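For reference, the structure discussed in these notes is given below.
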Amino acid sequence: MKKSIIAILVVAFVIVGCRGGTGGEGRIVSRDIYKGTNGLVMEFLPMPEDVFEKSPFRMEVKLKNEGAYDITQGYLTLGLEKDFIGLSEWAIREPIIGVVSSEQVEFNLEGKSIMNPKGSQGMVAVILASKEIEVMREKHTSTILFTGCYAYKTKLSEGVCIDTDILGTRTVEKACKVEDKTLEGQGAPIAITKVEVDMLPHENKVKPQFLIYIENKKKGEVVKTDVVREACSGEPIDFKDFNVVKVSAKLFDKPLTCTPSTAKLKEGKDEIRCILDEGISKDEGTHTETLNLELDYGYTNTMSTTIDIKKLPT
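In this note's numbering, the protein residues as written are 12 to 325.
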């Protein structure tokens, strides 16, 4: 009897867990994945505030992918004052997948999913060595930088009303009303914040048009996806490759024409206009369709800390 009661309780616990513990359906958890404005989050783990000159010391950094998309072949670059600190070695372990140069490594990190709603994380460790400081100085405060660079996406699937009766001549009650959409983060640092919806008349059709507002919600830099590695290596990048976001859009499965096809962020924002050129027949009733938007871009984060290098006692 006791075993039966325990079995029932275990089953009940599993069912509640699958519902996300909120009393709603499992799909609520799925929607929660595509919320927020974080991508890669970096954090220094506790380290000594000071070291003596000519001494080795270890630094550890936590990398977390708190966004909705996987980071594949991301780059992490270490920046040092080479007159005061040298790099001895990286500790090669997950999430690191390879060494690009003495100061740069590659990494992979999975994003949020139903099975892993907080996203993946990993530790990166590096062994450094302080150098001798000038005879007349008691200490030197040195800055250490870590820069993470990665390709990322923002996706949005949103129901929009398609009204083929622009003039309102039909007497039947409409299934929906054309209205703009005000939005929050989609699980990525670049967010679609608003979609303005309009129906343009064209002969015996209407052409749905969408004005899409895009914004960088974090403090990182945006670059084209094909210069992500260069952004992390200190190589020169053309100014035209900064703040570029590629935009693609579909209304259900029909491609939209977006003008321009790439957003160029100014002060972190831009707007793109997308239209269904083929139009929709006015004979179709008012109905809801799914607007699918996808943004592709590169993103870079930099964080810094300082450490005091002290003169050895004599």
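Beta carbons: idealized from backbone N, C-alpha and C, even for Gly.
The structure presented is a predicted model; accordingly, all values stated were derived computationally and were not measured.
Are the C-beta atoms of Val146 and some chain D residue less than 8 Å apart?
In summary, chain D is missing from the structure at hand, where a single protein chain is found.
Sort Ile286, Leu51, Glu114, Gly122 by Cα distance to Gly245 and report the nearest one.
Considering only alpha carbons, the answer is Glu114.
Terminal residues of the continuous alpha helix (DSSP H) containing Glu241?
Start and end: 239–244.
Looking at Gln197: is its Cβ nearer than 8 Å to the Cβ of Ala79?
Against a cut-off of 8 Å, the Cβ pair of Ala79 and Gln197 comes out as a contact.
Considering Ala202, what are the terminal residues of the beta strand (DSSP E) in which it resides?
Here the beta strand (DSSP E) through Ala202 covers 201–213.
Terminal residues of the continuous beta strand (DSSP E) containing Gly109?
Element bounds for Gly109: 107–112.
Leaving out five residues on either side along the sequence, give the residues of the same chain with a beta carbon under 8 Å from the beta carbon of Lys150.
Asp61, Ile144, Asp319, Ile320, Lys321, Lys322.
Taking the C-alpha atoms as reference points, what is the distance between Thr270 and Lys257?
Their Cα atoms are separated by approximately 11 Å.
Count the other C-beta atoms from every protein chain shown that fall within 10 angstroms of the C-beta of Glu105, then say buried if there are 16 or more, exposed otherwise.
By the 10 Å Cβ count, Glu105 comes out exposed.
Roughly how far, in whole angstroms, is the beta-carbon of Asn227 from the beta-carbon of Leu276, given that I think they are within contact range, below 8 Å?
So it is a contact: roughly 6 Å between Cβ atoms.
Below 6 Å CB to CB, which residues in the same chain sit around Asn303 once its five sequence neighbours on both sides are set aside?
Around Asn303: Ser168, Lys261.
Measure the beta-carbon distance from Phe253 to Val233 and round it to whole angstroms, keeping in mind my assumption that it falls under 8 Å.
Indeed, because the Cβ distance is near 7 Å, the residues count as touching under 8 Å.
Does the beta-carbon of Phe118 have 16 or more other beta-carbons within 10 angstroms, so that it is buried, or is it exposed?
Looking at its Cβ environment, which holds 16 or more other Cβ atoms inside 10 Å, Phe118 is buried.
For the segment 288–301 and the segment 180–188, state whether three or more C-beta atom pairs, one from each stretch, are separated by less than 8 Å.
Yes: the two stretches touch, three or more of their Cβ pairs being nearer than 8 Å.
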